[in-house]
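Residue numbers (the numbering used here): 173 to 631.
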Amino acid sequence: MENENRTKNKFWKGVLVGVLLTAFAGLFVVGLATGLRLVGGAVMDRSEQPQTVESSGGATAAQGLDLDRIGRKVELLEQVVDNSFLFEENVDSEQMEAGIYKGMLAGLDDPYTTYYTEEEYTSLTEDTEGVYCGIGVLVSQRYDTGVITILRVFPGSPAEEAGIRKGDLLYKVGDIEAFDAELDVLVDQNIRGEEGTFVDLTLLRDGEEIPVHVERRMVENATVEYQMLEDNTGYVLVTQFDLVTADQFIEAVEDLESQGMERLVIDLRDNPGGVVDVCVEMAAYILPDDQFDGVILSTADKNGQAERYYSQDGKICHEMYGSPVENQLYPMDDGHELDLPIAVLLNGMSASASEVFAGALQDYGLATLVGTQSYGKGIVQSLLPLGDGSAVKITIAHYYTPAGNDLHEKGLTPDVEAELELDEELMEEYLSQYEIPLEKDSQVQKAIETLMEQEETGE
């Protein structure tokens, strides 16, 4: 019993307290060396310290913009507003200026590129040591429609107590229409807040508007859950790739191995991604380094210049533009590989770092992918401060699996296709509960069946 308690205490020591709402819209790794916090999500960003961009003050810019002509037109529009706009009390020059910059980047037609005002950037990068007050849900936002879906309601959370369900659509936060908002800003400025305060949400469920009044609290949220199933099959659920996830994942696998695990199911369904370094560390823990030169992930920018994350001589290494990166993270100890049958579960909301992890295991031939086509988020964003307190998040590169596959707008195709099959009774459980029982989960059972069949046939 003492050893069991010690194991549990060690496992929960790394739990993030109160990471209560994670935005699929954007992951910001804004410099681990500076201690700035990370907001988990599907956008897989670089982990080096952000570059600062200063204004050149020139009359023209790249892409053929005529700044003199644009300046004259802005002055003309300002005169029109001054002379004719009825609601004078609504005129806010700072807000109008921010709208110009936001509109300029919106013209790139890239949903992952956006401008942040000084207030927004400060909120996003505030160092809170991983502690936030929120409501206890994991959400995602589709960039083609702006629709925000509740992926997960954490047990014991304010969201669960308020009756929020998995699959609900977030329609409004207060009076703000959620589908028209930048999700990460919406989360930081409108949903999170002081402990004990409340936020009013409007949900859509089966076409009906449902108002909920939810308290903000700190709630424990582990990013990894695990258990031993029948026939010594280990099951590990990874809900996102956060700073503590690699340690939790390794601890889970080692505990299952000590219990006699013979095969492993890793569940990445509805996992929106997260921190690239964590994803790389977890993949390296499983993979050997005798294929693809040990490469786990590579990227290439518009000039073809690349980054590589790879394992070599018992170390995880990071290389940028042909030069090794040496910092507090790299090189990182590795020297481990996992030699047992593995299945990885995916669905349409498995994105970014989830796809990197699963794609690496698939390329190395160490895992069978089971489920449905993944999301297809295969591009990298970087957060660039502009020197005046504002910042730009901008798409800078494609990422590639070890075999060189570009997954953007394609996703990963499972080796074994398996839809989640729910009868009427199970559907009600699925919608009302935090999760359906694993013994009734058709995709989990298909993964186990696949591994058993492979063992029988010697594949």
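Cβ atoms here follow ideal geometry from the backbone N, Cα and C, with glycine treated the same way.
- Straight-line measurement puts the Cα of D356 at about 31 Å from the Cα of Y407.
- Taken in chain order, the whole alpha helix (DSSP H) runs of length 4 or more contained in the region 262-338 are 265-278, 290-297 and 330-333.
- In the structure shown, the three-state DSSP call for G476 is coil.
- Within the same chain, T540 and L541 come within 6 Å of D587 by CB-CB distance, once the 5 residues on both sides are set aside.
- Rounded to whole angstroms, the gap between the alpha carbons of N404 and G432 is 6 Å.
- Within the same chain, Cβ atoms closer than 7 Å to the Cβ of D465 are found at Y482, the five residues on either side in sequence being excluded.
- Taken in chain order, the whole alpha helix (DSSP H) runs of length 4 or more contained in the region 521-582 are 525-535.
- Between the region 441-452 and the region 412-423 there are three or more C-beta pairs closer than 8 Å, enough to call the two in contact.
- Residue pairing by DSSP places D372 opposite H385 in a beta bridge.
- Here G306 is buried, its C-beta having at least 16 other C-beta atoms within 10 Å.
- Rounded to the nearest angstrom, the gap between the Cα atoms of P383 and L258 is 33 Å.
- Taken through DSSP and simplified to helix, strand or coil, E423 comes out as helix.
- Taking C-beta atoms under 8 Å as the contact rule, Q553 and Y284 qualify, at a distance of about 5 Å.
- The alpha-carbon separation between V252 and S295 amounts to approximately 33 Å.
- Here the region 317-329 makes no contact with the region 359-367; the two share fewer than three CB pairs at distances below 8 Å.
- Nearest Cα to I468 within the set E491, N475 and Y287: E491.
- Around the beta carbon of P496, a 10 Å sphere encloses fewer than 16 other beta carbons of the protein chains shown; the residue is thus reported as exposed.
- At a cut-off of 3 residues, the continuous stretches assigned as beta strand (DSSP E) that sit fully inside the region 491-520 are 514-518.
- F351 and G379 have their C-alpha atoms roughly 15 Å apart.
- As DSSP reads the structure, K344 sits in a beta bridge with E349 and T374.
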